[in-house]
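In case it helps, this note's numbering puts the sequence shown at residues 27 to 171. Glycine included, each C-beta is placed from N, C-alpha and C at the ideal position.
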Amino acid sequence: MSATAGQAADGVRSLADRFGIEPGMVVMEMGYDEDVDQDLRDALTDRCGELVDEDTDEVVDAVLVWYRDGDGDLFELLVDALGPLADNGVVWLLTPKAGREGHVEPSEIAESAPTAGLQQTSTVNAGRDWSGARLVLRRGAKAKK
């Protein structure tokens, strides 16, 4: 078994691998605050370079959305994330795990993502306090550019 770039010698996938982030990708971040998982941010910036903010004019390969209960309307935030997203890009919705302050009920994601034209394909452990939901454009959905 051969290790791919970014994998540790013992075969454990790094955080950047779990998120599918590769060197040269442009990754936008939304919802940053002091409670985000710094280890995840460090792993991603080590892989792709600095994260761009939501004011970027660039087309982005991925969007990291830090979202907590009470952060506003999730549907609107997801629609905003689609603006600069490449047609084959991915949105990573990062929410506090169950039992943590700001936890978001899975039903809220299940309702908001399809309405925004996204479908959830997987979830990952995004750190000690955060879970990540991988969202992609639904088949046949057009990006709102």
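Please list, in chain order, all residues of the same chain as Leu71 whose beta carbon is under 8 Å from its beta carbon, the five residues on each side excluded.
Note that residue 71 is Thr in the sequence shown here, rather than Leu. Leu77.
Measuring only the C-alpha atoms, how far is Asp87 from Ala142?
Going by the C-alpha atoms only, they are around 18 Å apart.
Alpha carbon to alpha carbon, what distance is there between Arg165 and Asp116?
For the sequence presented, residue 116 should be read as Val rather than Asp. Looking at the two C-alpha atoms, the distance is approximately 13 Å.
By the 10 Å Cβ neighbour count, where 16 or more other Cβ atoms means buried, how is Thr121 classified, buried or exposed?
Its Cβ being crowded by 16 or more others within 10 Å, Thr121 is buried.
Once the 5 residues before and after Gly158 are set aside, which same chain residues still bring their CB inside 6 Å of it?
Closer than 6 Å at Cβ, skipping near neighbours: Trp118, Leu120, Val150 and Ala152.
Mapping the DSSP letters down to three states, classify Ala35 as helix, strand or coil.
Any reading at Ala35 must be qualified, since the residue scores a pLDDT of 38, below 50, and its modelled position is unreliable; the value itself is stated next. In the structure shown, Ala35 sits in coil (DSSP, three-state: anything other than H, G, I, E or B).
Between which two residues does the beta strand (DSSP E) carrying Val53 extend?
Counting along the chain, the beta strand (DSSP E) containing Val53 begins and ends at Val53 to Met56.
Suppose the cutoff is 8 Å on Cβ atoms and the five residues either side in sequence are ignored; what does the same chain contact list for Val130 look like?
Only Tyr93, Arg94, Asp95, Leu100, Thr121 and Pro122 meet the Cβ criterion.
Look at Asp79 and Trp156 and say whether their C-beta atoms are less than 8 Å apart.
No, they are not a contact pair.
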